[in-house]
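Undergrad: Line by line, the protein sequences are chains A and B. 0 is the number of the first residue of the first sequence in numbering that gives the first Met the number 0; add one for each residue after it. 0 is the number of the first residue of the second sequence in numbering that gives the first Met the number 0; add one for each residue after it.
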Amino acid sequence: MLTVSSVGRVFPGGIEALRDTSLRMDESDFIALLGPSGCGKSTLLRLIAGLDQPDSGRLDWNGGPPVPGDIGFVFQDATLLPWATAEDNVFLPLRLRGMARAEAMPQVQAALHRVGLTGFETARPRALSGGMRMRVSIARALVTRPRLLLMDEPFAALDEFTRHKLQADLLEVWKQAGCTVVFVTHSIYEAAFLARRIVLMTPRPGKIAQEIRSSLVAAAETRLDPAYAALVAEVSRAMAEALA
Amino acid sequence: MRWAPALFGLLALALWQGAVWIENVPVYVLPGPLAIVGAFMADPVGLLTALASTLLVTFAALFVAAVLGGAMAVAMSSSRLAQAAIQPWAVALQVTPLPAIAPLIIIWVGNPFVALVVCATIVAFFPLFANTASGLASAPPELDDLFRLYGARRWQTMALLRLPAALPYFLSGLRISGGLALVGAVVAELVAGSGGFASGLAYRILEASFRLEMPRMFAALVLLALAGIVLNFGLGAVGRMILRRRGVA
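(1) Which one of ALA51/B, VAL113/B and LEU12/B has the shortest CA to CA distance from GLY31/B?
(2) Rounded to whole angstroms, what is the Cα-Cα separation between GLY97/A and LEU80/A?
(3) Which chain A residues sit within Cβ distance under 7 Å of PRO139/B?
(4) Which chain A residues sit within Cβ distance under 8 Å of PHE146/B?
(5) With burial defined as no fewer than 16 other Cβ atoms inside 10 Å of the residue's Cβ, what is the status of ASP76/B: buried or exposed?
(6) Examine chain B for any beta-carbon lying closer than 8 Å to the beta-carbon of TRP60/A, and answer yes or no.
(7) If we count the other Cβ atoms within 10 Å of its Cβ and call it buried at 16 or more, is GLU188/B buried or exposed?
(8) Could you say which of GLY63/A, LEU242/A, GLY56/A and ALA138/A lies nearest to GLU86/A if we only look at CA atoms?
(9) When you compare only the Cα positions, how much space is there between ALA156/A and LEU93/A?
(10) How about PHE182/A and ARG222/A: do their beta carbons lie closer than 8 Å?
(11) Would a check of beta-carbon distances place ALA151/B closer than 8 Å to chain A?
(12) Mind listing the chain A neighbours of SER245/B? Cutoff is C-beta to C-beta under 7 Å, in chain order.
(13) Looking at the structure shown, is SER213/A part of a helix, part of a strand, or coil, going by DSSP?
(14) Nearest-angstrom Cα distance between LEU43/A and LEU92/B?
(15) Counting only Cβ-Cβ distances shorter than 9 Å, please list the residues of the region 43 to 72 of chain A near chain B, keeping chain order.
(16) Is the CB-CB distance between PRO167/B and VAL247/B below 8 Å?
(17) Skipping 5 residues on each side, what residues in its chain have a beta carbon closer than 6 Å to that of MET24/A?
(18) Which of the three DSSP states is assigned to SER4/A in this structure?
(19) In the DSSP assignment, find the unbroken alpha helix (DSSP H) run with ASP144/B in it and report its ends.
(20) Within its chain, find whatever has a CB closer than 7 Å to the CB of ALA226/A; leave out the 5 residues flanking it on each side and keep chain order.
(21) Using the beta-carbon of each residue, which ones in chain A are nearer than 9 Å to PRO163/B?
(22) Can you give me, in chain order, the residues of the region 139 to 172 of chain A that have a beta carbon less than 7 Å from any beta carbon in chain B?
(23) Does any residue of chain B bring its CB to less than 8 Å from the CB of PRO92/A?
(24) For VAL198/A, which of ALA176/A, ALA229/A, ALA217/A and SER235/A has the nearest alpha-carbon?
(25) Kindly list the residues whose CB is nearer than 7 Å to the CB of ALA65/B, restricted to its own chain and excluding five residues on each side of it in sequence; keep chain order.
(26) Starting from the Cα of VAL190/B, find the closest Cα among LEU97/B, ARG147/B, SER133/B and TRP107/B and give me that residue.
(27) With 16 other CB atoms within 10 Å as the buried threshold, where does MET240/B fall?
(28) Please report how far the alpha carbon of GLY69/B lies from the alpha carbon of ALA194/A, in whole angstroms.
(29) Run through chain B and tell me which residues come within less than 7 Å of GLY123/A, C-beta to C-beta.
(30) In angstroms, rounded to a whole number, what distance separates the CA positions of VAL231/A and LEU33/A?
(31) Buried or exposed: which applies to TYR149/B, given that a residue is buried once 16 or more other Cβ atoms fall within 10 Å of its Cβ?
(32) Just list the alpha helix (DSSP H) runs in the region 149 to 232 of chain A, keeping only unbroken ones of 4 residues or longer that don't cross its boundaries, in chain order.
(33) Count the other C-beta atoms from every protein chain shown that fall within 10 angstroms of the C-beta of THR131/B, then say buried if there are 16 or more, exposed otherwise.
(34) Find the residues of chain A that neighbour LEU142/B, judging by a C-beta separation of less than 8 Å, and give them in chain order.
(35) Between the Cα of ASP158/A and those of LEU95/A, PHE29/A, ARG123/A and SER128/A, spot the shortest distance and give me the residue it belongs to.
(36) Bridge partners of SER55/A, per DSSP?
Here is the structure:
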């Protein structure tokens with residue numbers, strides 16, 4: 000679906016965030032970009048989203064460049080419009096495409112249902128918990144039925160219990176939606192639980208150090224699975240090598 | 000605790016009245032609260048009509064300042080050229096003392112009411128302009144990114160993101176500018192009053208001071224102070240109500 004070839008990005012002031020980074024993403028992939036803070040994970044995500052441009056290298060989209068709505072983005076904070084209801088926040092991407100409210104509502108309600116927020120359509124963000132706000136953010140990203148869902152440490156600010164629940168729910172949503180997910184995280188446990196492909200990045204300038212494939216079929220009980228523990232150990236060892 | 004300000008005020012008034020009685024202070028030097036109330040009761044219609052005239056100028060100026068300040072802030076946030084062109088003039092307007100330019104404005108404009116509104120607008124303009132400009136730039140960069148990601152047009156970003164984000168800032172500016180518009184109206188009336196325009200509370204203050212009618216002068220001052228307090232709390236309450244309805248307060 001997308002091939003990132005030898006991409007580099009240097010910010011004004013000479014800070015080299017990414018160097019010679021290549022990555023291939025296939026349909027229905029679940030990729031975790033794993034690395035320490037400042038290793039260029041978020042920069043790579045922004046380049047993929049088209050929110051920033053590379054200084055070198057290129058991004059090739061199989062099937063043509065993305066149109067608005069082909070890419071969903073979930074930020075570290077829920078970044079909802081505080082004055083809008085959950086329904087209106089999810090409606091936003093469709094509204095920006097010029098879709099009428101009545102026409103969009105079945106899609107909006109389906110997206111809210113998919114993230115378990117049926118009944119909270121008229122709630123404003125300040126009335127929702129941190130986890131629920133993040134669910135609205137995920138519903139907003141899913142409402143356009145994107146080909147690619149980019150997630151930039153979306154659960155980092157949540158408590159452990161909420162994070163575990165949302166991770167399990169995200170896997171369900173991914174299986175139903177069938178889109179490709181690129182998930183940025185600096186948690187080895189999170190990457191091992193969620194991703195089919197764990198891509199390790201080196202500290203600045205960020206480069207792909209190694210890719211580890213996972214055959215785990217994640218579910219709630221996976222965290223107790225010895226195979227999961229072994230995968231975490233393998234990723235930890237690889238990360239230590241990448242950081243050395 | 001709610002009654003503390005009122006109790007403190009009553010105590011201060013009682014001490015003031017007591018000091019005037021005990022020291023036998025002449026009324027043309029410092030009238031007591033009872034003499035001030037007496038002066039108000041002697042001509043309530045005249046003083047309240049003058050207050051209405053001042054408030055009319057205040058609200059007209061506040062309205063013009065809100066429209067101009069909001070529109071110029073939007074123009075500035077939409078274009079770097081507009082920002083470069085507008086910002087220095089807005090600052091220049093803010094730092095120019097009104098008493099220095101009010102006589103010129105009154106001569107140039109001709110119509111006394113319009114001249115007073117122009118003067119009060121100059122004073123009230125800057126907080127509305129500066130606050131709205133800050134509010135328009137206050138949306139989190141991630142939301143800006145989100146709008147770009149979904150191919151939002153500039154007017155959509157303005158209407159659905161920047162303007163709603165600026166609303167609390169605008170309302171806060173409105174509250175500050177409300178008081179300033181009243182001050183601007185009074186200063187302009189003082190200048191205009193000395194030139195022969197007989198309207199507004201400031202003119203009544205001027206007139207009373209010429210006649211050494213200190214109780215009447217104080218009555219007009221008290222009315223102005225009360226109008227300022229009501230304006231400030233009123234605009235604050237309206238702002239809170241709007242923000243509560245929008246779920247952001």
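Note that beta-carbon positions come from the ideal geometry of N, C-alpha and C, so glycine has one too. Since the structure is predicted, the reported quantities are computational estimates derived from the model, not experimental observations.
TA: Put simply:
(1) As a first step, residue 31/B is located in the second sequence; it is residue number 32 there, counting from the start. The candidate whose alpha carbon is nearest that of GLY31/B is LEU12/B.
(2) Counting from 1 along the first sequence, the entry for residue 97/A is found at position 98. Counting from 1 along the first sequence, the entry for residue 80/A is found at position 81. Each residue's Cα considered, the two are about 18 Å apart.
(3) For the purposes of this step, residue 139/B is taken as the residue at position 140 of the second sequence. Within chain A, the residues near PRO139/B are THR78.
(4) Within the second sequence, residue 146/B is the residue found at index 147, counting from 1. Residues of chain A passing the Cβ test: LEU95.
(5) Residue numbering aside, residue 76/B sits at position 77 when the second sequence is read from its first letter. The displayed chain sequence assigns Ser, not Asp, to residue 76/B. When all chains shown are included, SER76/B counts as buried.
(6) Here residue 60/A is taken as the residue at index 61 of the first sequence, counted from 1. False, the Cβ-Cβ gap to chain B never drops below 8 Å.
(7) What you label residue 188/B is simply residue 189 of the second sequence in a count that begins at 1. With 16 or more Cβ atoms within 10 Å of its Cβ, GLU188/B is classed as buried.
(8) Along the first sequence, read from residue 1 onward, the residue named residue 86/A stands at position 87. GLU86/A has its Cα closest to that of ALA138/A, out of GLY63/A, LEU242/A, GLY56/A and ALA138/A.
(9) Your numbering for residue 156/A matches position 157 in the first sequence. Your numbering for residue 93/A matches position 94 in the first sequence. Each residue's alpha carbon lies about 27 Å from the other.
(10) The count along the first sequence starts at 1 and reaches residue 182/A at position 183. The count along the first sequence starts at 1 and reaches residue 222/A at position 223. No, Cβ-Cβ distance for PHE182/A and ARG222/A is not below 8 Å.
(11) The count along the second sequence starts at 1 and reaches residue 151/B at position 152. Closer than 8 Å: yes.
(12) Reading the second sequence from its first residue, position 246 is the one you call residue 245/B. The sequence shown places Arg at residue 245/B, not Ser. Going along chain A in sequence order, the residues near ARG245/B (Cβ under 7 Å) are TRP82.
(13) Start at 1 with the first residue of the first sequence, and residue 213/A comes out as number 214. SER213/A falls in the coil class under three-state DSSP.
(14) Position 44 of the first sequence holds residue 43/A. Position 93 of the second sequence holds residue 92/B. Cα to Cα, LEU43/A sits roughly 46 Å from LEU92/B.
(15) ARG45, ALA48, GLY49, LEU50, VAL66, PRO67, GLY68, ILE70, GLY71 and PHE72
(16) Along the second sequence, one-based indexing puts residue 167/B at 168. Along the second sequence, one-based indexing puts residue 247/B at 248. Closer than 8 Å, so yes.
(17) In the first sequence, the residue the question calls residue 24/A occupies position 25. If we look at MET24/A and ignore the five residues flanking it on each side, its Cβ neighbours are MET0, LEU1 and THR179.
(18) Within the first sequence, residue 4/A is the residue found at index 5, counting from 1. In the structure shown, SER4/A sits in a strand (DSSP, three-state: E or B).
(19) Here residue 144/B refers to the residue found at position 145 of the second sequence. Where ASP144/B is concerned, the enclosing alpha helix (DSSP H) stretches over 140 to 148.
(20) Counted from its first residue, the first sequence places residue 226/A at position 227. So the list reads LEU215, once near-sequence residues are dropped.
(21) Counting from one through the second sequence, the residue named residue 163/B turns up at place 164. Near PRO163/B (Cβ distances below 9 Å), the residues of chain A are LEU80, PRO81, TRP82 and ALA83.
(22) none
(23) Counting from one through the first sequence, the residue named residue 92/A turns up at place 93. Chain B contact via Cβ: present.
(24) The sequence position of residue 198/A within the first sequence is 199, counting from 1. Selected option, being the one with the closest Cα: SER235/A.
(25) The residue given as residue 65/B occupies position 66 in the second sequence. If we look at ALA65/B and ignore the five residues flanking it on each side, its Cβ neighbours are LEU127 and LEU173.
(26) The residue given as residue 190/B occupies position 191 in the second sequence. Taking only the C-alpha atoms, the option nearest VAL190/B is LEU97/B.
(27) Residue mapping note: residue 240/B aligns to position 241 of the second sequence, counting from 1. Result: exposed.
(28) Along the second sequence, read from residue 1 onward, the residue named residue 69/B stands at position 70. Along the first sequence, read from residue 1 onward, the residue named residue 194/A stands at position 195. Going by the C-alpha atoms only, they are around 49 Å apart.
(29) As a first step, residue 123/A is located in the first sequence; it is residue number 124 there, counting from the start. Checking the displayed sequence, the identity of residue 123/A turns out to be Arg instead of Gly. Chain B residues near ARG123/A: GLY246.
(30) Position 232 of the first sequence, counting from 1, holds the residue named residue 231/A. Position 34 of the first sequence, counting from 1, holds the residue named residue 33/A. When rounded, the distance between both Cα atoms is 12 Å.
(31) Locating residue 149/B in the second sequence gives position 150, counting from the first residue. TYR149/B should be labelled buried.
(32) 159 to 176 and 187 to 193
(33) By one-based count along the second sequence, residue 131/B stands at place 132. With 16 or more other Cβ atoms within 10 Å, it is buried.
(34) As a working mapping, residue 142/B is identified with position 143 in the second sequence. What LEU142/B touches in chain A: THR78 and LEU80.
(35) For this step, residue 158/A is matched to residue 159 along the first sequence. Checked all of LEU95/A, PHE29/A, ARG123/A and SER128/A; the closest Cα to ASP158/A is SER128/A.
(36) Indexing the first sequence from 1 puts residue 55/A at position 56. In DSSP, SER55/A forms a bridge with GLY7/A.
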